[in-house]
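Have a look at the structure below, then the notes.
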DNA sequence: CGACAATATTTACATACGTAAAAAAGGGAG
DNA sequence: CTCCCTTTTTTACGTATGTAAATATTGTCG
């Protein structure tokens, strides 16, 4: 019942009586071959088990048809959603996607970069680690092949093709909203290794200054180094609440995962953040983490347009692969706007 | 400042004055080469930019050193955590991991399987889609190379090497607990496409029968087909609560993501599930989804030992790759026990 | 200084397929 | 039936590296 297995195109060509070069062309683009021959090949193929060798095919094509993707970690639905969009878009464009995860480790990230170089990948999409990314390797990679940065942009490589959210605009939305309808917010941040969180912090500071409010930043020192966003948010805020601080203020978190921890801290102290109460506790985040609609209370946040970012990143990379001009002095930067998601928590 | 780039080992050998076969051996295992030569090679390597070609190296090694991993979808922290363990373990064992995500689509899953065949991957780890997985391709793959199933086991391929949680035991824990300290639970399930959810349902039914309680199963028909677990749980329970049903019962959900939706429905109806109240609403799940400690109230659930599962799966696969005997009639099945995580919701 | 062992080099072939050029075969129109 | 065009086959070489066998080199010890 199991079909005879064939390992090489050579064998296949004798098995079904079609020459090897014809088979080679068939596997690359069947339309270049006469319909009757295609039918003969496919009839033969149905009788046996054969898959062209991936390595041999990629070894001497001019283009490998592979897009490499590097993401910093997996245990975050944000990257997961982004990756999903990227993979679907790349697949639709006819590319094979190979994803490597840095697992928060610069060494693993560098290894992934080397792997992609050794694969002569057509291009790479990189969502960098925070400020720990190995700048040299990133630089090498970007010199060597089409390279588009996604999600966040290290301060060490400003002049690079980039696709992401316009954090000034998007975080600005939530700062503005909180200031407008209630108490000016306290910023609950993170240790300063995450570029987006840093940008949120500076946006917060700038806007508070503009509006003439006194800024308050907490949480930029870690209380525990487990490094989980939620645990960090909970620990910081629990500590504050225990000291009676900020219990009726607006807490604006650097991102939703921190905010989820903040919600937990509020709950533990018997507080229910919400926008209905005047002057009471409010909690808000940023990103529109997929679980935000299901938290208690549902989290008010700013949505990032993952789909647009993923698609734009792939589409720009494909342009570069197809030889689009890169203005080295002024690389293309695509920033997408965020949009406010008003729910219950603020 | 940028080093001269070298593309082939041939060029490299003339550039640093060491023969190509020696270089080849160096890149595979530097210890097989005399220390002084290694030093000479590395000194030379520091002067240039060179990475051995991935495809050429894998083309004619007997072993490619690659482990393929297929997971059904990414937007679930469960798989993400499992994948993390698998990648780290495989890396530690000296393998390159290539992960392909099915994105809930049997066709994409089948394509991934074909990709791995064409790569002559050393072995594959597969977390299957539900009952939609293409059984033929899975079969082909398992015939062709070392193959270990992870997380869930299709009823269509019972006789396969498998590593996962002992769901009878683990789901039994929570059924038993709920029955023991309160009202026997209602089972909030899912459309029957997910093997683990199915097994949870049957475990529930069996244990309720054993204990002489009347079982109640809800949610096995989808109200909306967006297919998101949380939305499903919320929609089903919201519907029930709106009709005044089960408002003071124990709701045991097929998994934590459904339970998170259930918590949300409870909250919308002004109900606070918890174990402190006698006779009141309780909600519990299964998996110990990473966000469980941060829900309101914190979700009582059963922890799956991701780390053990990931490590065991890799370790078993490596055994098979190294030629371990496979008893076709009785493949090795490793089931790990779950453990109760009592928190606030039940 | 010579012999022996360890290591490196030379040479040659293999991997599975891409691809170009020339020759052969097929197919339709006149 | 023949000519011409299209398609396939034949032939041959290229891709970057693995690998084996024979030969050459190096280093060490007596």
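Residue numbers (my numbering), protein chains in the order written: chain A, 128 to 473; chain B, 128 to 473.
Think of the CB as a built atom: it goes at the ideal place given N, C-alpha and C, for glycine as much as any other residue.
Residue i: buried (16+ other C-beta within 10 angstroms of its C-beta) or exposed?
i              : result
residue 381(A) : buried
residue 283(A) : exposed
residue 415(A) : buried
residue 350(B) : exposed
residue 166(A) : exposed
residue 388(B) : buried
residue 338(A) : exposed
residue 307(A) : exposed
residue 370(B) : exposed
residue 162(B) : exposed
residue 155(A) : exposed
residue 180(B) : buried
residue 437(A) : buried
residue 227(B) : buried
residue 135(A) : exposed
residue 173(B) : exposed
residue 144(A) : exposed
residue 188(A) : exposed
residue 286(A) : exposed
residue 406(A) : exposed
residue 456(B) : exposed
Start and end of the alpha helix (DSSP H) containing residue i?
i              : result
residue 357(B) : 356 to 369
residue 154(B) : 147 to 155
residue 174(A) : 162 to 174
residue 330(A) : 322 to 338
residue 187(A) : 181 to 187
residue 136(B) : 136 to 143
residue 234(A) : 233 to 245
Residues in the same chain with beta-carbon distance under 7 Å from residue i, minus the five sequence neighbours each way, listed in chain order, please.
i              : result
residue 217(A) : 194, 224, 441
residue 257(A) : 320, 321, 322
residue 344(B) : 314, 316, 328
residue 220(B) : 441, 445
residue 278(B) : 209, 254, 291
residue 271(A) : 244
residue 363(B) : 315, 345, 346, 350
residue 247(B) : 191
residue 365(A) : 392, 395
In terms of DSSP beta bridges, what is residue i paired with?
i              : result
residue 312(A) : 377(A)
residue 226(A) : 196(A), 226(B)
residue 70(B)  : In this structure chain B extends from 128 to 473, so residue 70(B) is not present and cannot be described.
Short of 6 Å in beta carbon distance, which residues of its chain neighbour residue i, apart from the five on each side in sequence? Order them along the chain.
i              : result
residue 297(A) : 429, 465
residue 312(B) : 305, 377, 379
residue 153(B) : 160, 168
residue 348(B) : none
residue 459(A) : 288
residue 130(B) : 175, 176
residue 325(B) : 319
residue 267(B) : none
With respect to the beta strand (DSSP E) encompassing residue i, which residues constitute its N-terminal and C-terminal limits?
i              : result
residue 250(A) : 250 to 253
residue 430(B) : 428 to 430
residue 220(B) : Note, residue 220(B): premise wrong, no beta strand (DSSP E); not H, not E.
residue 129(A) : Premise fails: residue 129(A) is in no beta strand (DSSP E) and is neither H nor E.
residue 467(A) : 466 to 468
residue 460(B) : 460 to 463
Could you name the residues of the same chain whose beta carbon sits closer than 8 Å to that of residue i, not counting the 5 residues immediately before and after it, in chain order?
i              : result
residue 470(A) : 419, 420, 424, 425, 426, 427, 428
residue 207(A) : 201
residue 204(A) : 416, 417, 418
residue 293(A) : 462, 463, 464, 465
request  = Just list the beta strand (DSSP E) runs in the region 267 to 313 of chain A, keeping only unbroken ones of 3 residues or longer that don't cross its boundaries, in chain order.
outcome  = 274 to 277, 289 to 292
query = Considering only residues of the region 383 to 456 of chain B, which uninterrupted alpha helix (DSSP H) runs meet the minimum length of 4 residues and lie entirely inside it, listed in chain order?
reply = 383 to 395, 433 to 448
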